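Residue numbers (full-length UniProt numbering): 1 to 262. Notes for the one structure printed next.
What follows is the structure, encoded as structure tokens:
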């Protein structure tokens, strides 16, 4: 059985092969390259707890989550439920996502979109812009400090925000050192795969007050979301609980009603 570290290594090796193929054939299809960008950071700073609702067909650890996934339809239900942004997983090999999902969602809704993938190269940021994203995910654990700084800078030059994901204190320092404005704290331990919201609560006091904080992973109860909001978290990213729900619109709306009540 692969360890988490080896599993991440496998993903990154596969991603490098995909990048090489993309570079070889070039990026000619750019349906949304010239479209205006939405304000991802501004959406997360809005009053109350903001939800980034995720479109996620499968995961490496749990397999197929939503066999009949309809990305545009699910995106519209997220908007009706109160999501302020949508995350679209585009990794094909391990999560069964695609850039086509991203483009389809962009056509379906007006709120900001996050391209969630293992971003290692500037061409992937170009893809994100071309297919309609307003923000990209940058995972500190997958990047050297130099890569992180370069990719963050390139994202900004292309008009995209970046959600910079950390798992511990060392990664948080790396994110802050390059000027990341949106910090995603992944509650999943990369060494054990265990999930605990205490990770977000532990790192929160170390994050400057002018940054946006997003809690990720293991979020499926209103009481947990309310606890995070009261601690000072601006937003949460939720995927599995929503895509597996028979009524994601109602579930999301009920969470937000409970969490953001006076």
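Ideal placement from N, C-alpha and C gives every residue a C-beta, glycine not left out. Just so you know, these numbers come straight off a predicted model, no measurement behind them.
* Mind checking whether residue 187 and residue 218 have CB atoms under 8 Å apart? -> yes
* Taking all protein chains shown into account, decide if residue 106 is buried (16 or more other Cβ within 10 angstroms of its Cβ) or exposed. => buried
* Local Cβ density within 10 Å of residue 95, reported as buried at 16 or more and exposed below that -> buried
* Selection from 179, 222, 168 that minimises the alpha carbon distance to residue 198 -> 168
* Asked: In the structure shown, what three-state DSSP assignment does residue 221 receive?
  -> coil
* Asked: Going by the CB atoms, is the gap between residue 65 and residue 229 shorter than 8 Å?
  -> no
* To do: Taking only the alpha-carbon atoms, compute the straight-line gap between residue 140 and residue 175 and give it to the nearest angstrom.
  => 7 Å
* Look at the Cβ atom of residue 23, then the Cβ atom of residue 123, and state whether they are nearer than 8 Å. => yes
* To do: Report the residue from 9, 75, 117 whose alpha carbon sits nearest the alpha carbon of residue 247.
  => 75
* On the three-state DSSP scale, how would you describe residue 237? -> strand
* What do you get for residue 273, buried or exposed, if any count of 16 or more other CB atoms within 10 angstroms of its CB means buried? -> The structure shown has nothing for residue 273, since the chain only spans 1 to 262.
* Asked: If you draw a straight line from the alpha carbon of residue 91 to that of residue 251, how long is it in whole angstroms?
  -> 26 Å
* To do: Kindly indicate the opening and closing residues of the alpha helix (DSSP H) around residue 157.
  => 145-157
* Asked: In three-state terms, what does DSSP make of residue 73?
  -> helix
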